[in-house]
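With our numbering applied, the first sequence corresponds to residues 860 to 1283, in that order.
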Amino acid sequence: MHDIRALRSDPAAFDAALARRGAAPEAARVLAVDTELRAVLTELQEGQARRNEASKAIGAAKAVRDEGAAAVLMAEVAVLKERMPALEERARVGEATVRDALLALPNAPAADVPEGADEHGNVEVHRRGLVAAFDFVALEHDELAGPLGYDPDAAAAISGARFAVLKGPVARLHRALGQYMLDAQIAAGYTEIAPPLLVRGAAMLGTGQLPKFAEDSFHTTDDRWLIPTAEVSLTNLVRERILAETDLPLRFVALTPCFRSEAGSAGRDTRGLIRQHQFDKVEMVSITTPDASEAEHERMTGCAEAVLDALGLPYRRMLLCAGDMGFSARKTYDLEVWLPGQGQYREISSCSNCGDFQARRMDARFRAAGAKGTGFVHTLNGSGLAVGRTLVAVLENYQQADGSVRVPDALRGHMGGVEVLRPA
RNA sequence: GGAGAGGUGGCAGAGUGGUCGAAUGCGGCGGUCUCGAAAACCGUUAAACGGGUAACCGUUUCGAGGGUUCGAAUCCCUCCUUCUCCGCCA
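Listed below in structure tokens is the structure:
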């Protein structure tokens, strides 16, 4: 959520910042409501001040048994109070209108975010790792995984499209990846959290999934939401809190299932494990002071890259352009892993600095030692990594001519000594 | 699911209709003392919003939302939530 004061002080700059990501101008409309609201508030508060003053005088008059003076004052307050409900209602509606408008606006892109309307505007920052040359035709992961233990038909029978059943060695490799990556981020300084997977609407509002993107997530019959990412649970750990500056940064990591309705992506990535309604992900979240968030963003992205390095998976880092970023982000790096079967780079991690955008929605603040007042924290989140897509990458990059798949060295400790997955 | 008790400032914890934004303690900050520190002592210390160049003034906030009242932390209703006991349960 934006600071209304930024909009007031320079509406043109406000609209210009949002225009960078394709959002329509809103400043004039919000400003009109805000201006009227403030006039109403002033009038309402003047009435409340007089009422409070008179009420104290009534108490004083009654204390000295001056019923006549009390009656006069009570009559005055009675008149005053007739006007109050209408003003209160106008203030309530005005405040809700401004708030709803601000909640629906995406974050403003950081200054160093490139211009662009969609993924074609993204800028490659660097590439890492060696793209292996295959002396046979590399298969896509779903073809490879079938004989190893991947059963989309069983999943479809149980749950429908976009679900997977993993079996035997593939299930174990999947579990090993999750454990390995979680352990890696714990070693990198993140505190492991086992969070709720069902959350309130308020939590989804805090991180920005609501109110605009309700159709992207699953909603339960008792009015909770299945988390589309552990970012929701982890970031909301600091909601409505005032942290000491000395407690920052906070670094959290969790390995959780994530649930996405994938409304609007019908027909895309229908085969295989790339796009599922349910998938596991290792998620990192950092809570920092405003001064520290940029460096933390680089650090976090580095933590995600370290996993790809350790697994020996080639990848590139992309700086997303203004038009391709998520709603809450002010700057995002995507990591894209090379998939030899598909012959292209695919997103496997996304690391975003949200600035104070989510903190304002959650009311997450910090207090600097000795300083007066509070400030909003900065929040960052990043995948380190998406487990299902990492499994895809390992399968495709470590495949051999006979359809077997080598286990990356880094995973040996989590695979009980298994070095190669062989077709049944 | 049944019964009961709670939710107050950064934290702990008083406060059952008026002068209560709220005692007290802890913590924080400033000072005295000290070569320095500790201890002790003194002072100070909530947030958000509106108005104002500012000093400052005002409003709101005691889990949330309604209500009663001239006036609500305090009384009433609904909801959320925590704890205790019972029941059920992986």
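Every residue, glycine too, gets a C-beta built ideally from N, C-alpha and C.
- About 17 Å separates the beta carbon of residue 1090 from that of residue 1166, a gap too long to meet the 8 Å contact definition.
- In the DSSP assignment, residue 1191 forms a beta bridge with 1211.
- Secondary structure in the region 944-977: no beta strand (DSSP E) run of 3 residues or longer lies completely within the stretch.
- In the structure shown, the three-state DSSP call for residue 1233 is coil.
- Residue pairing from DSSP places residue 1241 in a beta bridge opposite 1143, 1210.
- Under DSSP, residue 1174 takes part in a beta bridge, and its partners are 987, 1196.
- Residue 979 holds the alpha-carbon nearest to the alpha-carbon of residue 1183 among 979, 933, 911.
- Beta-bridge partners assigned by DSSP to residue 1117: 1138.
- Annotation for residue 1039: 1270, 1273 place their beta carbon closer than 6 Å to its own, counting only its chain and skipping 5 residues before and after.
- Every unbroken stretch of the beta strand (DSSP E) spanning 3 or more residues and falling wholly within the region 1057-1127 is given here in chain order: 1101-1103, 1109-1118.
- Between residue 936 and residue 910, the C-beta spacing is below 9 Å.
- Excluding five sequence positions before and after residue 906, the CB atoms of its chain that fall closer than 8 Å to its own CB belong to 939, 942, 943, 946, given in chain order.
- Between the alpha carbons of residue 863 and residue 962 lies a distance of about 11 Å.
- Going by C-alpha positions, residue 950 is about 6 Å away from residue 899.
- Between the region 1129-1139 and the region 1147-1167, the count of Cβ pairs shorter than 8 Å is below three; the stretches do not touch.
- Boundaries of the alpha helix (DSSP H) around residue 873: 870-878.
- Under DSSP, the beta-bridge partners assigned to residue 1280 are 1264.
- A residue is called buried when at least 16 other Cβ atoms come within 10 angstroms of its Cβ; residue 1238 meets this threshold and is buried.
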